[in-house]
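Visitor:
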Amino acid sequence: MVAHHVGKMLDDNKRKRWLALLLESADEIGLPDDPEFRAAIVGYLEWGSRVAVINSNAKENPVVEGAPMPKWGWGEPGGPYMPG
Ligand code: HEM
8 MVAHHVGKML
18 DDNKRKRWLA
28 LLLESADEIG
38 LPDDPEFRAA
48 IVGYLEWGSR
58 VAVINSNAKE
68 NPVVEGAPMP
78 KWGWGEPGGP
88 YMPG
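Mind the numbering: the sequence shown is residues 8 to 91 in our numbering, read in order.
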């Protein structure tokens with residue numbers, strides 16, 4: 008996945024457009040719209056798209072063999088909204 012972005016020279020304008028389209032698609036396909044889920048997905052997309060911009064400005068795939076996979080969670084947001 009990282010390799011697909013190497014050399015694409017993405018910038019912040021492209022990143023913001025990509026983010027907006029991803030979130031529109033999330034609505035279109037009916038992904039859950041509760042606050043926790045949306046906070047987590049936006050957090051992930053903010054993280055991933057910024058990494059993609061960095062990788063896209065590299066000339067070679069920066070991932071070394073055996074590198075650990077990043078870990079994601081549900082983020083920090085919580086309360087007063089509580090899912091039923
Ligand atoms: C700054 C935001 C991003 C932009 C503008 C962007 C743009 C692109 C472009 C233009 C390609 C096609 C590359 C090619 O085939 O030569 C691509 C491929 C891909 N991107 Fe991104 N990307 C972004 C972020 C992400 C993120 C965050 C992910 C994962 C969570 C991701 C996952 C993928 C995958 C899996 C492919 C390969 C798809 C395939 O060939 O089937 N991208 N991206």
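The C-beta atom is built at its ideal place from N, Cα and C for all residues, glycine as well.
Apart from the five residues just before and just after N64, which ones in its own chain have a Cβ nearer than 7 Å to its Cβ?
Guide: As a first step, residue 64 is located in the sequence shown; it is residue number 57 there, counting from the start. For N64, where only same-chain residues beyond five positions count, the Cβ hits under 7 Å are M16.
Visitor: Taking all protein chains shown into account, decide if A10 is buried (16 or more other Cβ within 10 angstroms of its Cβ) or exposed.
Guide: Here the question's residue 10 lines up with position 3 in the sequence shown. Exposed, since its Cβ has fewer than 16 Cβ neighbours within 10 Å.
Visitor: Quick check on K23: does DSSP put it in helix, strand or coil?
Guide: Along the sequence shown, one-based indexing puts residue 23 at 16. If DSSP states are grouped into helix, strand and coil, K23 belongs with the helices.
Visitor: Tell me whether the region 53-73 and the region 32-40 touch, counting them as touching only if at least three CB pairs, one residue from each stretch, are closer than 8 Å.
Guide: no
Visitor: Looking at the structure shown, is I61 part of a helix, part of a strand, or coil, going by DSSP?
Guide: Translated into positions along the sequence shown, residue 61 becomes position 54. In the structure shown, I61 sits in a helix (DSSP, three-state: H, G or I).
Visitor: Which word fits A27, buried or exposed, when buried means at least 16 other C-beta atoms lie within 10 angstroms of its C-beta?
Guide: As a working note, residue 27 is residue 20 in the sequence shown. Classification of A27: exposed, given that the 10 Å Cβ count is below 16.
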